[in-house]
Amino acid sequence: MALDFVATYKVLVLGDSNVGKTCIVHRYCDEKYYDTYISTIGIDFKQKLINLDGVPIKLQIWDTAGQERFRTLTTAYYRGAMGILLMYDVTSLESYNNLSYWLRNIQENASPDVVKVLAGNKCECPPNQRMVDKERGEKIAENFDMPFFEVSCKQDINIEEAFLTLARKIREQREHRGENFDTEDKGQEKKSPGSNGLGAFTLEWSYFAQDTIDDVYSKSKQATSE
Ligand SMILES: Nc1nc2c(ncn2[C@@H]2O[C@H](COP(=O)(O)OP(=O)(O)OP(=O)(O)O)[C@@H](O)[C@H]2O)c(=O)[nH]1
Ligand SMILES: [Mg+2]
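Sequential numbering from 9 applies to the sequence shown in our numbering.
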């Protein structure tokens with residue numbers, strides 16, 4: 009039977025290098041966790057079909073490089089994002105302090121309608137390694153009207169909750185705007201540039217991760233021919 013979905017929600021994962029952006033995407037999409045650190049080059053993406061309160065939705069999750077040398081490149085991807093998972097690492101005060109940079113960057117470059125969820129990763133760490141209390145995460149989240157989760161990719165804590173909350177917020181935002189894309193996107197993998205920006209992203213992206221894109225297309229082909 010064909011795997012079907014009624015809409016594609018585009019999500020960007022942002023935050024400092026080493027906070028666990030790639031790990032959270034792997035954990036959520038592939039149910040895997042790696043202890044080794046391989047810093048992301050440029051940008052990567054994975055897709056996952058989810059059941060959002062009974063409605064099949066495709067989450068397209070863009071994993072950005074946190075390293076400064078990729079900032080110009082990754083900032084170009086903000087424009088088409090419907091939702092942002094903003095991350096810091098509870099064992100790194102610097103990653104928490106840099107949230108102000110990320111929030112400003114989002115404000116300057118993303119759609120004004122973009123919805124955000126804040127995640128403080130590595131929450132399973134022993135107390136002596138923790139540098140950011142939960143209350144500090146809650147406070148900044150409240151100030152910027154973001155749902156907040158402490159998460160652990162390592163121990164699979166709150167990962168699904170964070171992504172589902174983001175997806176629900178995207179759905180609410182679309183309903184609020186009176187858009188009914190949830191029936192228009194059906195089965196489409198590519199959009200023309202300008203319709204929602206993804207087409208342009210896909211073309212640019214092909215220079216950076218042809219394998220990933222081929223993978224995505226072949227999977228979707230398999231899914232529709234089954
Ligand atoms: N203790 C602990 N370590 C984690 C957790 N999640 C990720 N890590 C580790 O943190 C390091 C960085 O993880 P990545 O996901 O590669 O970090 P990133 O944010 O993608 O980094 P860039 O690609 O450079 O932007 C890796 O060594 C992971 O194993 C977690 O929940 N707990
Ligand atoms: Mg990464």
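No residue lacks a Cβ here, since even glycine has one placed at the ideal position from N, Cα and C.
Check your understanding: DSSP on Tyr17, reduced to helix/strand/coil?
Key -> strand
Check your understanding: Just how far apart, CA to CA, sit Asp121 and Gln181?
Key -> 7 Å
Review point. Is there contact here, the stretch 40 to 52 with the stretch 90 to 97, by at least three beta-carbon pairs under 8 Å?
Key: no
Check your understanding: For Asp141, is the beta carbon positioned less than 7 Å from some heavy atom of ligand 2?
Key -> no
Check your understanding: How many Å lie between Ile114 and Thr82 at the Cα?
Key -> 11 Å
Check your understanding: To which residues of the same chain is Thr191 closer than 7 Å at the C-beta, ignoring the five residues directly before and after it?
Key -> For Thr191, the predicted model reports a pLDDT of 45, less than 50, meaning its position is unreliable and no value from the coordinates is stated.
**Study point:** Buried or exposed (CB count within 10 angstroms, at least 16 for buried), Val63
**Key:** exposed
Exercise for review: List the endpoints of the continuous alpha helix (DSSP H) containing Asn113.
Suggested key: 107 to 117
Review point. With a Cβ-Cβ cutoff of 8 Å, do Val146 and Phe156 count as a contact?
Key: The sequence as given places Glu at residue 146; Val does not occur at that position. Yes, they are a contact pair.
Point to revise | From Ile178, Thr80, Ser160, residue whose alpha carbon lies closest to that of Ile51 | key: Thr80
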